[in-house]
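For the protein sequence lines, the chains are A and B, in the order given. No gaps in the numbering here: position 63 of the first sequence is 63 in the working numbering, and each next residue is one more. Heads up: take any position in the second sequence, counting from 1, add 178, and you land on the working numbering.
Number of protein chains: 2
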Amino acid sequence: MATSITIEALTAQAFADFGDVIEANEGDGFGINQGFTWRHHKLATVSTDQPTDDAIISIFSSKNRPAPIAINMMERHPLGSQAFMPLSATPFLVVVAKAGPEPTLANLRAFVSNGKQGVNYGTGVWHHPLLILAPQQDFLVIDRAGEGNNLNEVMFGEGQCGQLDVTDLINKLTNSRE
Amino acid sequence: MATSITIEALTAQAFADFGDVIEANEGDGFGINQGFTWRHHKLATVSTDQPTDDAIISIFSSKNRPAPIAINMMERHPLGSQAFMPLSATPFLVVVAKAGPEPTLANLRAFVSNGKQGVNYGTGVWHHPLLILAPQQDFLVIDRAGEGNNLNEVMFGEGQCGQLDVTDLINKLTNSRE
């Protein structure tokens, strides 16, 4: 039987071991454009392993998974950071473990973004692929392109799997849209 | 009296001289994440002048300007690209001129994004600061940080100014929300 993983609210402090939370906080930048724009400056920096690597911009179009969501693998990018910014203001989930040795279920942390928060996974930070609550959601993704293998995966064995109990979150989302 | 600038629909082809249009087109990438995500891959690349420069991620919170919108200046970033992705699916405007000598009114092109399209201005491409149609709109911005001056501006003289007649676009937006 899968073990439930507690879902925490996403905050910069709680997420500090894993990367940056990309969100506009009041007063965290400066005014530009003759006063018509506020720049929430440098909320995250793209990390790339080699000076010849590129930072690239993509769009990920994601579909939801059956609830409860099974967590049976994690991945990491050893050569660069990876940022995800939701293109619609809908809550989604983030499951992470610190950079380092392959994580086990006991090392995982799960967070829910309020939909206006994106995340930037630090280089080598273990994370689960996109986990959305709506049927469909798009993200702007900023990550690294270049030579070398930038993907490692760990698969959990039977009995080592986690699950996210998302029914309440999905109901809340559905109700907020009615 | 200001001269009206024609507003064109934003397409990758029409925008090719100025940079990339960041949008998800069907079939332009590949499936990942056990089939739950489609990666619209490498829609834009962040350009930075020096290998020691960083690609950084910020949020710009913009307010609208009075209609008709006066165009009396342009700016460029000589040391890097700058990408703008709307975080709400609301149309906005883009005014550009090719990289090179300071533009005049006759060199400007104006485009309207459908709200799901972002843009990545190429290095040195002249552009007007954010021009939105809604009262307020946020954008994810990916640009360059590093040493050196990365901003040039040109101010147009009296009688050399342009304007964007946006009343119809704003009415259309307002009606679509009612």
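Note that the Cβ used here is the ideal one computed from N, Cα and C, for glycine as well.
With 8 Å as the threshold, decide whether the Cβ of residue i is near any Cβ in chain A.
i	result
B:I247	no
B:K350	no
B:K241	yes
B:S354	no
B:L221	yes
B:F238	yes
B:M252	no
B:M263	yes
B:A233	yes
Please check if any C-beta of chain B sits within less than 8 Å of the C-beta of residue i.
i	result
A:A2	no
A:P129	yes
A:S113	no
A:T37	yes
A:V46	yes
A:N149	no
A:P51	yes
A:L10	no
A:A110	no
Check whether the Cβ atoms of residue i and residue j lie closer than 8 Å to each other.
i	j	result
B:T364	A:S62	Past the edges of chain B, shown from 179 to 356, lies residue 364 of chain B, and the structure says nothing about it.
B:D195	B:A323	no
A:I22	B:I235	yes
B:P193	B:F262	A quick correction: the sequence has Phe, not Pro, at residue 193 of chain B. For B:F193 and B:F262, no; Cβs fall outside 8 Å.
B:D321	B:G278	no
A:F60	B:R217	yes
B:A222	B:I348	no
Return the residue from the list the options that minimises the CA-CA distance to residue i.
i	options	result
A:N152	A:S176, A:W126, A:Q163, A:G162	A:W126
A:Q160	A:M74, A:Q34, A:A14	A:M74
B:P281	B:G209, B:A190, B:F334	B:F334
A:H128	A:I71, A:N25, A:A44	A:I71
B:Q228	B:E336, B:N328, B:L342, B:L308	B:N328
B:G293	B:G302, B:K276, B:L351	B:L351
B:L309	B:T226, B:D343, B:I320, B:V332	B:D343
B:S182	B:V224, B:N353, B:N285	B:N285
B:G197	B:N298, B:Q341, B:G302	B:N298
A:P135	A:R177, A:A24, A:P78	A:R177
B:G326	B:G205, B:T230, B:G209	B:T230
A:T180	A:T123, A:P91, A:L105, A:Q117	Outside the shown range of chain A (1 to 178) lies residue 180 of chain A, about which nothing can therefore be said.
A:G118	B:A202, B:A288, B:V319	B:V319
A:Q82	A:I32, A:T123, A:V94	A:T123
B:V272	B:Q191, B:P256, B:F289	B:F289
A:N33	B:N211, B:P246, B:D206, B:R254	B:R254
A:T11	A:R109, A:N175, A:Q163	A:R109
B:V332	B:A275, B:L311, B:Q341, B:N353	B:A275
B:A180	B:Q341, B:N349, B:I348, B:N353	B:Q341
A:L133	A:N25, A:I69, A:G31	A:I69
If we count the other Cβ atoms within 10 Å of its Cβ and call it buried at 16 or more, is residue i buried or exposed?
i	result
A:N8	Correcting the residue type first, residue 8 of chain A is Glu in the shown sequence and not Asn. Under this definition A:E8 is an exposed residue.
B:D346	exposed
A:T48	buried
A:Q137	buried
B:G270	Rather than Gly, the amino acid found at residue 270 of chain B in this sequence is Phe. Buried, by the Cβ-count rule.
A:P86	buried
B:A267	exposed
A:G35	exposed
A:G29	buried
Could you have a look at residue i and say whether DSSP puts it in helix, strand or coil?
i	result
B:N211	helix
A:S47	coil
B:S266	coil
A:L105	helix
B:K350	helix
B:T301	coil
A:A188	Residue 188 of chain A lies beyond the stretch modelled for chain A, which goes from 1 to 178, so this question has no answer here.
B:R355	helix
A:T167	helix
B:A245	coil
B:G293	coil
A:K98	coil
Does the beta carbon of residue i come closer than 8 Å to any beta carbon on chain C?
i	result
B:H218	Checking the listed chains, one finds no chain C in this structure; the protein chains it contains are A and B.
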